[in-house]
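A.B. asks: One structure is given below, represented as structure tokens, and several questions about it will come after.
Protein chains: 2
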Amino acid sequence: MKHLLAATAAFALTLPVSAQEEPKGAPSPNQIVESAAASEWVAISPEDLLVMTLAPDAQGKARQVVIQLMPAPFSQGWVENIRTLARAQWYDGISVNRVQDNYVVQWGDPNVDNPEADGPAKPLPIGLNKVPETEYMTEALGLALSMNEVEIEEDPYAETSFFEQGWPISWAEAQSWPVHCYGMVGVGRSYSPDTGSGAELYTVIGHAPRHLDRNIALVGRVIGGIEHLSSLPRGKGLLGFYEDAGKRVPIESIRIASDLPAAGQPDFEYLNTGGETFARYADARGNRRDPFFITPVGGADICNIPVPVRRINATK
Amino acid sequence: MKHLLAATAAFALTLPVSAQEEPKGAPSPNQIVESAAASEWVAISPEDLLVMTLAPDAQGKARQVVIQLMPAPFSQGWVENIRTLARAQWYDGISVNRVQDNYVVQWGDPNVDNPEADGPAKPLPIGLNKVPETEYMTEALGLALSMNEVEIEEDPYAETSFFEQGWPISWAEAQSWPVHCYGMVGVGRSYSPDTGSGAELYTVIGHAPRHLDRNIALVGRVIGGIEHLSSLPRGKGLLGFYEDAGKRVPIESIRIASDLPAAGQPDFEYLNTGGETFARYADARGNRRDPFFITPVGGADICNIPVPVRRINATK
Numbered sequence: 001m002k003h004l005l006a007a008t009a010a011f012a013l014t015l016p017v018s019a020q021e022e023p024k025g026a027p028s029p030n031q032i033v034e035s036a037a038a039s040e041w042v043a044i045s046p047e048d049l050l051v052m053t054l055a056p057d058a059q060g061k062a063r064q065v066v067i068q069l070m071p072a073p074f075s076q077g078w079v080e081n082i083r084t085l086a087r088a089q090w091y092d093g094i095s096v097n098r099v100q101d102n103y104v105v106q107w108g109d110p111n112v113d114n115p116e117a118d119g120p121a122k123p124l125p126i127g128l129n130k131v132p133e134t135e136y137m138t139e140a141l142g143l144a145l146s147m148n149e150v151e152i153e154e155d156p157y158a159e160t161s162f163f164e165q166g167w168p169i170s171w172a173e174a175q176s177w178p179v180h181c182y183g184m185v186g187v188g189r190s191y192s193p194d195t196g197s198g199a200e201l202y203t204v205i206g207h208a209p210r211h212l213d214r215n216i217a218l219v220g221r222v223i224g225g226i227e228h229l230s231s232l233p234r235g236k237g238l239l240g241f242y243e244d245a246g247k248r249v250p251i252e253s254i255r256i257a258s259d260l261p262a263a264g265q266p267d268f269e270y271l272n273t274g275g276e277t278f279a280r281y282a283d284a285r286g287n288r289r290d291p292f293f294i295t296p297v298g299g300a301d302i303c304n305i306p307v308p309v310r311r312i313n314a315t316k
Numbered sequence: 001m002k003h004l005l006a007a008t009a010a011f012a013l014t015l016p017v018s019a020q021e022e023p024k025g026a027p028s029p030n031q032i033v034e035s036a037a038a039s040e041w042v043a044i045s046p047e048d049l050l051v052m053t054l055a056p057d058a059q060g061k062a063r064q065v066v067i068q069l070m071p072a073p074f075s076q077g078w079v080e081n082i083r084t085l086a087r088a089q090w091y092d093g094i095s096v097n098r099v100q101d102n103y104v105v106q107w108g109d110p111n112v113d114n115p116e117a118d119g120p121a122k123p124l125p126i127g128l129n130k131v132p133e134t135e136y137m138t139e140a141l142g143l144a145l146s147m148n149e150v151e152i153e154e155d156p157y158a159e160t161s162f163f164e165q166g167w168p169i170s171w172a173e174a175q176s177w178p179v180h181c182y183g184m185v186g187v188g189r190s191y192s193p194d195t196g197s198g199a200e201l202y203t204v205i206g207h208a209p210r211h212l213d214r215n216i217a218l219v220g221r222v223i224g225g226i227e228h229l230s231s232l233p234r235g236k237g238l239l240g241f242y243e244d245a246g247k248r249v250p251i252e253s254i255r256i257a258s259d260l261p262a263a264g265q266p267d268f269e270y271l272n273t274g275g276e277t278f279a280r281y282a283d284a285r286g287n288r289r290d291p292f293f294i295t296p297v298g299g300a301d302i303c304n305i306p307v308p309v310r311r312i313n314a315t316k
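So the sequences go chain by chain: P and S.
Heads up: the first sequence begins at 1 in our numbering, then just goes up one per residue.
Heads up: the second sequence begins at 1 in our numbering, then just goes up one per residue.
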């Protein structure tokens, strides 16, 4: 399972590529990642993994999505709420209600604030944090030392780099915040100052909507099975909501991986973003020198340098 | 049909939005576009529209995708080939063969360079241009006057702005080229110096893969029905090719709209990118002041300012 890497592959027309003569050249970003020493891969704690099980698809096939939660110091009030909601089994039986092309897939209780609800909204468990919107950002003081040295040119939004624990981060003045790249997971909310509890979540399935940075809480990213969300039919209602309740995709359960039996826990690793291989990979993403490319473009925005993540056991 | 605008809508949790009290505030990018005078909308010539009809979906529903071809001076050798291929009805019976998450959907003759082909490759019509790779770029001389005055901060790739005919463009030194944003359509090719004929095409369904700029020819963009491509199941083979030939989506036909009976021609317009409304819209994309937003981010990359396009007759 290497979908976060898939976009780095060469862009050949022919299929399968193995059957053709590949010209010699510099290694591709993928090949650089494959050359990393085992010691450069960092295991992701099962306490930081959410396992979301959707109802089987029309062919009866299982659909599992795995989300990695953000580490401290980012968004921990909401991340704590998500663990509380998962452990209360609150998410079980909610649904994917919104799929908006080139934007987001969103899931939650379809009966919240819905005048056409077919039942009452689901009561939230007690003990959820009410997180203030100031928490969209984090004091950058002290973080600077944890940023790696990959040089990324300033983009139209802000300075960006990689937090050593493996996440795309922006900063300005004394504040820092996570970035809305493809696959990032955030907390749906209504109008300010409601910052959302974590009961309603979304993931990005299009071009990075960076205008949401600092306006919504980011709490994680999809690292497995995003295709089960990104390939869903688009909703035809306003904002991509499904107009027909029958189109919603039921969520059977969302669990913290560490709460699952050991045999059912997915094992994931990310490439150390502070390491030598990641620096070479990031450079190659912005300066493709592998045989397909004619003109290395001389840079990449942070969302075009997805942090390599791999699953080291098969889907069970 | 306004899917190019859809991503600009507010990000409310509730549904439907009309049922809730929307706080007063500055207009959203969508609302700005809706306020444009009729004279700011420019009709797209049916000679510049490709109508792609996929086989009906599993429920028997028709699937139509509409592509706008690029205007001069960009990529005209390939655009001419595409008109030749469409008029020879060469595309009829080929298929969508590749769907790679956060990257591209690609269609063409599945038997080209395929050791597992179930038949011979389809011969190309005579009269196709062999376009040199120098055509990935265009002399920028003279173009400068056609760029609008929307100010976009430099991104990690290049200077960018909008060509007045309504397209995202980059430039450096004396050269200019189109940009790989979501929905842009390009010409699949093998390794250099084979630049592709236009028989194999792809569209972007993820974060803008700007490393492809100047490395592949861009020839247009999807302006209708992209959801019929972006929501297809992802291919499980290398690069997202379907391993099982049965998963390929047959293409019934691709026609130039002007060759269709008048009643079957889709009518599309784009918002004049040289006009006052577009400038306000672009500013609002980078500085959201509508009620949902707390922190305007102060900028947008060119792919986060999709050119507004609308269909003015219903799908027939």
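Built from N, CA and C at the ideal position, the CB exists for glycine as well.
The alpha helix (DSSP H) with residue 230 of chain S in it runs from where to where?
C.D. replies: As a first step, residue 230 of chain S must be located in the second sequence, where it is residue number 230. Residues 227–230.
A.B. asks: Taking residue 295 of chain P as the query, report the chain S residues whose CB atoms sit under 7 angstroms from its CB, ordered along the chain.
C.D. replies: Along the first sequence, one-based indexing puts residue 295 of chain P at 295. The answer, in chain order, is 214, 215.
A.B. asks: Bridge partners for residue 95 of chain S per DSSP, in chain order?
C.D. replies: Position 95 of the second sequence, counted from the first residue, corresponds to residue 95 of chain S. According to DSSP, residue 95 of chain S bridges with S:108, S:250.
A.B. asks: Which residues in chain P sit within 7 angstroms of residue 155 of chain S, going by Cβ to Cβ distance?
C.D. replies: Locating residue 155 of chain S in the second sequence gives position 155, counting from the first residue. The answer, in chain order, is 155, 156, 301.
A.B. asks: Note down, in chain order, each residue of its chain lying with its Cβ closer than 6 angstroms to the Cβ of residue 166 of chain P, except the 5 sequence neighbours on either side.
C.D. replies: Mapped onto the first sequence, residue 166 of chain P falls at position 166. Here the set comprises 270, 273, 307.
A.B. asks: Can you tell me whether residue 313 of chain S is buried or exposed, with buried defined as 16 or more other CB within 10 angstroms of its CB?
C.D. replies: Start at 1 with the first residue of the second sequence, and residue 313 of chain S comes out as number 313. It is exposed - the Cβ of residue 313 of chain S has fewer than 16 other Cβ atoms within 10 Å.
A.B. asks: Report back the beta-carbon spacing between residue 187 of chain P and residue 222 of chain P to the nearest angstrom; my notes put them in contact at under 8 angstroms.
C.D. replies: Residue 187 of chain P sits at position 187 when you count from the first residue of the first sequence. Residue 222 of chain P sits at position 222 when you count from the first residue of the first sequence. Contact flag wrong, Cβ pair sits at about 15 angstroms.
A.B. asks: Run through the DSSP bridge pairs and tell me what residue 176 of chain S is partnered with.
C.D. replies: Walking along the second sequence from the start, residue 176 of chain S turns up at place 176. Answer by DSSP bridge pairing, in chain order: S:138, S:171.
A.B. asks: Taking 7 angstroms as the threshold (C-beta atoms), are residue 254 of chain S and residue 121 of chain S in contact?
C.D. replies: Here the question's residue 121 of chain S lines up with position 121 in the second sequence. Here the question's residue 254 of chain S lines up with position 254 in the second sequence. No. Outside cutoff.
A.B. asks: So what does residue 270 of chain S bridge to, in DSSP terms?
C.D. replies: Position 270 of the second sequence, counted from the start, is the residue given in the question as residue 270 of chain S. Looking at the DSSP assignment, residue 270 of chain S forms a beta bridge with S:42, S:309.
A.B. asks: Can you confirm whether residue 267 of chain P, when its beta carbon is compared against all beta carbons of chain S, has any partner nearer than 7 angstroms?
C.D. replies: The residue labelled residue 267 of chain P in the question sits at position 267 within the first sequence. Not one chain S Cβ lies under 7 angstroms of residue 267 of chain P.
A.B. asks: In angstroms, rounded to a whole number, what distance separates the CA positions of residue 131 of chain P and residue 176 of chain S?
C.D. replies: As a first step, residue 131 of chain P is located in the first sequence; it is residue number 131 there, counting from the start. As a first step, residue 176 of chain S is located in the second sequence; it is residue number 176 there, counting from the start. Those two C-alpha atoms are separated by around 47 angstroms.
A.B. asks: Are the C-beta of residue 206 of chain S and some C-beta of chain P separated by less than 7 angstroms?
C.D. replies: Numbered from its first residue, the second sequence carries residue 206 of chain S at position 206. At least one chain P Cβ lies under 7 angstroms of residue 206 of chain S.
A.B. asks: Would you list, in chain order, the members of the stretch 28–54 of chain S that have their beta-carbon closer than 9 angstroms to a beta-carbon of chain P?
C.D. replies: Against chain P - using a Cβ distance shorter than 9 angstroms - the stretch 28–54 of chain S contributes no residues.
A.B. asks: Let's test the definition: count the other Cβ atoms within 10 Å of the Cβ of residue 134 of chain P and tell me whether it reaches 16, buried, or not, exposed.
C.D. replies: The sequence position of residue 134 of chain P within the first sequence is 134, counting from 1. Exposed, by the Cβ-count rule.
A.B. asks: Determine the burial state of residue 289 of chain P: buried for a count of at least 16 other Cβ atoms within 10 Å of its Cβ, exposed for fewer.
C.D. replies: To locate residue 289 of chain P, count along the first sequence from 1; it is residue 289. By the 10 Å Cβ count, residue 289 of chain P comes out exposed.
A.B. asks: Cutting at 7 angstroms between CB atoms, please list the residues of its own chain near residue 260 of chain P, excluding the five before and the five after it.
C.D. replies: By 1-based counting over the first sequence, the position of residue 260 of chain P is 260. The answer, listed in chain order, is 51.
A.B. asks: Under the assumption that residue 40 of chain P contacts residue 286 of chain P (Cβ atoms under 8 angstroms), give the Cβ distance between them as a whole number of angstroms.
C.D. replies: Stepping through the first sequence from its first residue, residue 40 of chain P is reached at position 40. Stepping through the first sequence from its first residue, residue 286 of chain P is reached at position 286. About 20 angstroms separates the two Cβ atoms, so there is no contact after all.
A.B. asks: Give me the DSSP bridge partner(s) of residue 161 of chain S.
C.D. replies: Indexing the second sequence from 1 puts residue 161 of chain S at position 161. Answer is S:169, bridged to residue 161 of chain S.
A.B. asks: Starting from residue 84 of chain S and walking both ways along the alpha helix (DSSP H), at which residues does that stretch end?
C.D. replies: Here the question's residue 84 of chain S lines up with position 84 in the second sequence. First-last of the alpha helix (DSSP H) with residue 84 of chain S: 76–87.
A.B. asks: Does residue 227 of chain P get closer than 7 angstroms to chain A when you measure Cβ to Cβ?
C.D. replies: Structure shown: chain A not included; protein chains present are P and S.
A.B. asks: Using beta carbons (cut-off 7 angstroms, strictly below), is residue 180 of chain P in contact with chain S?
C.D. replies: Taking the first sequence and counting its residues from 1, the one referred to as residue 180 of chain P is at position 180. No, because no Cβ of chain S sits closer than 7 angstroms to the Cβ of residue 180 of chain P.
A.B. asks: Leaving out five residues before and five after residue 214 of chain S in sequence, what residues of the same chain have Cβ atoms less than 7 angstroms from its Cβ?
C.D. replies: Counting from one through the second sequence, the residue named residue 214 of chain S turns up at place 214. Correct list, in chain order: 136, 137, 177.
A.B. asks: Using a Cβ cut-off of 7 angstroms, pull out every chain P residue sitting near residue 133 of chain S, in sequence order please.
C.D. replies: Locating residue 133 of chain S in the second sequence gives position 133, where the first residue counts as 1. The contacting residues are 294.
A.B. asks: If we define contact as Cβ-Cβ less than 7 angstroms, is residue 261 of chain S a contact residue for chain P?
C.D. replies: The residue you call residue 261 of chain S lines up with position 261 of the second sequence. For residue 261 of chain S, the answer is no, since every Cβ of chain P falls outside 7 angstroms of its Cβ.
A.B. asks: Could you spell out where the alpha helix (DSSP H) holding residue 202 of chain S opens and where it closes?
C.D. replies: Taking the first residue of the second sequence as position 1, residue 202 of chain S is located at position 202. Looking at the DSSP string, residue 202 of chain S is not in any alpha helix (DSSP H); the run it does join, the beta strand (DSSP E), is 201–204.
A.B. asks: Where does residue 194 of chain P land, buried or exposed, given buried means 16+ other C-beta within 10 angstroms?
C.D. replies: In the first sequence, counting from the first residue as 1, residue 194 of chain P sits at position 194. Flag for residue 194 of chain P reads exposed.
A.B. asks: Given 8 angstroms as the limit, is there contact between the stretch 199–217 of chain P and the stretch 86–104 of chain P, that is, 3 or more CB pairs closer than that?
C.D. replies: Taking 8 angstroms as the limit for Cβ pairs, the verdict is that the stretch 86–104 of chain P does touch the stretch 199–217 of chain P.
A.B. asks: Tell me, please, which residues DSSP counts as bridged to residue 256 of chain P.
C.D. replies: Your numbering for residue 256 of chain P matches position 256 in the first sequence. Partner(s): P:50.
A.B. asks: Residue 156 of chain S: buried (16+ other C-beta within 10 angstroms of its C-beta) or exposed?
C.D. replies: As a first step, residue 156 of chain S must be located in the second sequence, where it is residue number 156. Buried, by the Cβ-count rule.
A.B. asks: Can you tell me whether residue 220 of chain S is helix, strand or coil according to DSSP?
C.D. replies: Within the second sequence, the letter at position 220 stands for residue 220 of chain S. Strand, per DSSP.
A.B. asks: Look up residue 69 of chain S in the DSSP assignment and give the residues it is bridged to.
C.D. replies: Here the question's residue 69 of chain S lines up with position 69 in the second sequence. Note: residue 69 of chain S sits in a beta bridge opposite S:220.
A.B. asks: Could you check what DSSP says for residue 278 of chain P in three-state terms: helix, strand or coil?
C.D. replies: Translated into positions along the first sequence, residue 278 of chain P becomes position 278. Residue 278 of chain P: helix per DSSP, three-state reduction.
A.B. asks: Mind checking if residue 311 of chain S is an interface residue toward chain P, Cβ cutoff 7 angstroms exclusive?
C.D. replies: The residue you call residue 311 of chain S lines up with position 311 of the second sequence. With 7 angstroms as the cut-off, residue 311 of chain S does not count as an interface residue toward chain P.
A.B. asks: Which residue wins for smallest C-alpha separation from residue 179 of chain S, given the options S:70, S:129, S:311?
C.D. replies: Within the second sequence, the letter at position 179 stands for residue 179 of chain S. For residue 179 of chain S, the nearest C-alpha among the options comes from S:70.
A.B. asks: Can you pull the DSSP bridge partners for residue 241 of chain S?
C.D. replies: Walking along the second sequence from the start, residue 241 of chain S turns up at place 241. The partner list for residue 241 of chain S (beta bridge, DSSP) reads S:98.
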